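Report on the following structure.
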Amino acid sequence: MKEFIQTIKNIWSLKELREKILFTLGIILVYRFASYISLPAINMAEVGNLLEIYQNQGGSKQGAGLLGLLSSFTGGAFSRASIMALGIMPYISASIIVQLMGMAIPYLQKLQKDGESGRNTLNQITRWLTIAVCLVQAPSYLTSITQMFLPYGQFQSAYYVEPGSIMFWLPSIVILVAGSVFAMWLGEKITDKGIGNGISILIMVGILADLPTAFVHEVTTQTGKGGAGTIMVLVEVLFWMLVVLLGILLSVAVRKIPIQYVSRAQARGGVNRNLMQGARQWIPLKVNAAGVMPIIFAQALMFVPGLLTKVDESNTFLAGFKNVFSWQYNVLFAILIIVFTFFYTAITIPVNQMADDLKRNGGLIPKVRPGKETADYLDNILSKITLPGSIFLAIFAVLPALVYGTLVQTDRFALFFGGTSLLIMVGVILDTVQQINTYLLNHHYDGLMQSKLSRTSNF
826 MKEFIQTIKN IWSLKELREK ILFTLGIILV YRFASYISLP AINMAEVGNL
876 LEIYQNQGGS KQGAGLLGLL SSFTGGAFSR ASIMALGIMP YISASIIVQL
926 MGMAIPYLQK LQKDGESGRN TLNQITRWLT IAVCLVQAPS YLTSITQMFL
976 PYGQFQSAYY VEPGSIMFWL PSIVILVAGS VFAMWLGEKI TDKGIGNGIS
1026 ILIMVGILAD LPTAFVHEVT TQTGKGGAGT IMVLVEVLFW MLVVLLGILL
1076 SVAVRKIPIQ YVSRAQARGG VNRNLMQGAR QWIPLKVNAA GVMPIIFAQA
1126 LMFVPGLLTK VDESNTFLAG FKNVFSWQYN VLFAILIIVF TFFYTAITIP
1176 VNQMADDLKR NGGLIPKVRP GKETADYLDN ILSKITLPGS IFLAIFAVLP
1226 ALVYGTLVQT DRFALFFGGT SLLIMVGVIL DTVQQINTYL LNHHYDGLMQ
1276 SKLSRTSNF
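What the sequence shown shows, in the numbering used here, is residues 826 to 1284, in sequence order.
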């Protein structure tokens, strides 16, 4: 404990690091304050919580759970009809699109190799594409409010302006787009002048914002009439801490591939000889190289099966795809995650380029010939570690459905037992700690994390 307190003092003693942390906290406060500003056409006093209203008016828990999943990424702004309802997710969608298009469009491939100037151009393309995504998502969001959650015929008092008029649609769309662009700008400011990873930090803050409310609701349910009591709350907390630990292990676990570099050195006596330098290095292949992207891709596609219920609303099997806690939804969800893990790993880990770079720099893997054999060897190792990694990621993603109704009684708190939310929180916190550690080590201070988890774990 004394070492931790000393580390905090070291952080505060560094003027540059202190200013970056304070700047980041200030931006986060602005972002959270903006998420409570409602659209001017909607009477927030009447809206309350859109998810609860939807459920009270005949909407099912299935829909509420699905919408709660979406709302969690914006810190509740989605369910509050806020000007920040779209949050930072349009920027994430645009980034994914640009990354995928980079595999097929030569111009984008060239920009990816042009260094700083190329990255600046790609960032500008991503910004414009973010606006395009917002122009699609904003009308969809407003349609979902006016037709599904707050129908004007039943909730007239919730609107200052009639939803069918241009005075409702045009200002609301412009404000939603501006709110998302503002969130993008705040994230970039954290990256430039704060502690880095601005976009990821805003997503994490949005997720964490709902955690206290969800936990209090769970405690109230467990300690109330018909609940299991305080002991069960303690069990839930201990199990949640175990899940967080597993999430950390999944994020940092790697398989180290040893490499040896060959260099020509001048031997004693004036004779040139090829000498194998003794320093050995490693290629760290992550067990979960795809991160949370497979879950994001799978979630995007899981809205499609839910639309099939409109074909036959009496079909109970199809109706299960609208419930994020049903076995139909989670079996298909897990299969998609495994498939997308292999797909995303294949397109983001260029084993052929890694083999060429090794050969060009005089590096080799012991007992493996340079060139194609090295690429095949890396691809084989990557496939072997990706399979258990993808299965573990799928289990991690469906864990909220496994604990809901058995260990956890409320759906909002169950969503924190795995899935995208927990992986994002773990990943962003680890990256932030590494950033702070870098500043401390550069000033000859010990880092925040001295345990093995601060380094890369072996698989």
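Heads up, the beta-carbon is just placed ideally off N, CA and C, and yes, glycines get one too. Given the structure is predicted, the values throughout are model-derived calculations rather than measurements.
For residue i, the nearest candidate out of the options (CA to CA)
i: K1081; options: K1111, L1067 and P1191; result: K1111
i: A919; options: M1009, Q981 and L847; result: M1009
i: I921; options: L1126, D1204 and F1122; result: F1122
i: F1128; options: G1004, N948 and F1146; result: F1146
i: L1157; options: P1130, A1144, I1254 and Y1169; result: P1130
i: V824; options: W837, M909, A1219 and L1033; result: A query on residue 824 cannot be resolved here, the shown segment of the chain reaching from 826 to 1284 and no further.
i: L995; options: A1144, A1200, V1233 and P964; result: P964
i: I1024; options: V986, N1267, S1215 and I853; result: I853
i: I1028; options: I1120, K1018, K935 and M914; result: M914
i: L911; options: Q924, A957 and P931; result: A957
i: D1201; options: Y1169, I1174 and A1159; result: I1174
i: Y1163; options: W1152, L1232 and I1210; result: According to the sequence as given, residue 1163 is Ile; it is not Tyr. I1163 has its Cα closest to that of I1210, out of W1152, L1232 and I1210.
i: Y1169; options: M928, K845, A859 and R944; result: M928
i: V1251; options: I1108, L1075 and A1226; result: L1075
i: S860; options: L933, I1032 and G1021; result: I1032
i: V1068; options: G1187, S1151 and G1244; result: G1244
i: G1052; options: I1172, G1196 and V1233; result: V1233
i: A1222; options: L847, G1072 and E1061; result: G1072
i: Y1229; options: L1255, N1155, A1171 and F1217; result: N1155
i: P1195; options: S1208, A1180 and I1206; result: A1180
i: F1064; options: A983, L1224 and L1255; result: L1224
i: I1026; options: D1256, N1262, L1161 and L1266; result: D1256
i: L1287; options: E987, G1019, V1006 and A1159; result: The structure shown does not extend to residue 1287, since the chain is modelled only from 826 through 1284, so no value can be given for it.
Identified DSSP bridge partners for residue i
i: S863; result: S907
i: L1189; result: Q1085
i: Y916; result: According to DSSP, Y916 bridges with nothing at all.
i: Y1154; result: Paired residue(s): none; Y1154 is not in a bridge.
i: Y1229; result: V1233
Simplified DSSP assignment, three categories, for residue i
i: L1110; result: strand
i: Y985; result: coil
i: K1209; result: helix
i: K1184; result: helix
i: A1171; result: helix
i: Q887; result: Note that Q887 scores a pLDDT of 39, beneath 50, so its modelled location is shaky and nothing firm can be said.
i: P1195; result: coil
i: D1035; result: coil
i: I1020; result: coil
i: N868; result: coil
i: N835; result: helix
i: G1116; result: coil
i: M1057; result: helix
i: K1050; result: coil
i: V1149; result: coil
i: A929; result: coil
Pairwise C-alpha distance: residue j and residue i
i: L1240; j: S863; result: 25 Å
i: A906; j: T971; result: 11 Å
i: G1012; j: K1192; result: 46 Å
i: T1141; j: V1149; result: 14 Å
i: L1070; j: Q1047; result: 24 Å
i: Q962; j: Y916; result: 12 Å
i: R843; j: Y1086; result: 41 Å
i: R1237; j: G1049; result: 17 Å
i: V1044; j: N948; result: 44 Å
i: P865; j: N835; result: 46 Å
i: S969; j: V1176; result: 44 Å
i: G1004; j: I950; result: 19 Å
i: L967; j: L1001; result: 10 Å
i: T946; j: G1021; result: 20 Å
i: H1042; j: V1058; result: 11 Å
i: L925; j: I830; result: 45 Å
i: I1249; j: I930; result: 29 Å
i: L1036; j: L1247; result: 11 Å
i: Q981; j: C959; result: 27 Å
i: S942; j: K935; result: 11 Å
i: D1017; j: K840; result: 17 Å
i: N868; j: G978; result: 15 Å
i: N1186; j: V999; result: 52 Å
i: Q1260; j: F848; result: 15 Å
i: Q1178; j: L1189; result: 14 Å
i: A1226; j: I1084; result: 43 Å
i: R857; j: W953; result: 24 Å
Residue i CB to nearest heavy atom of the ligand HEM below 7 Å
i: A1239; result: The ligand HEM is absent from the structure shown, which contains no ligand whatsoever.
Whole alpha helix (DSSP H) runs in the region 938–977 with 4 or more residues, listed along the chain?
For the alpha helix (DSSP H) assignment, the uninterrupted runs of no fewer than 4 residues enclosed by the region 938–977 are, from N- to C-terminal side, 940–968.
Can you list the alpha helix (DSSP H) stretches of 4 or more residues lying completely in the region 1231–1261, in chain order?
Taking only runs of at least 4 residues, the alpha helix (DSSP H) segments lying wholly in the region 1231–1261 are 1236–1239.
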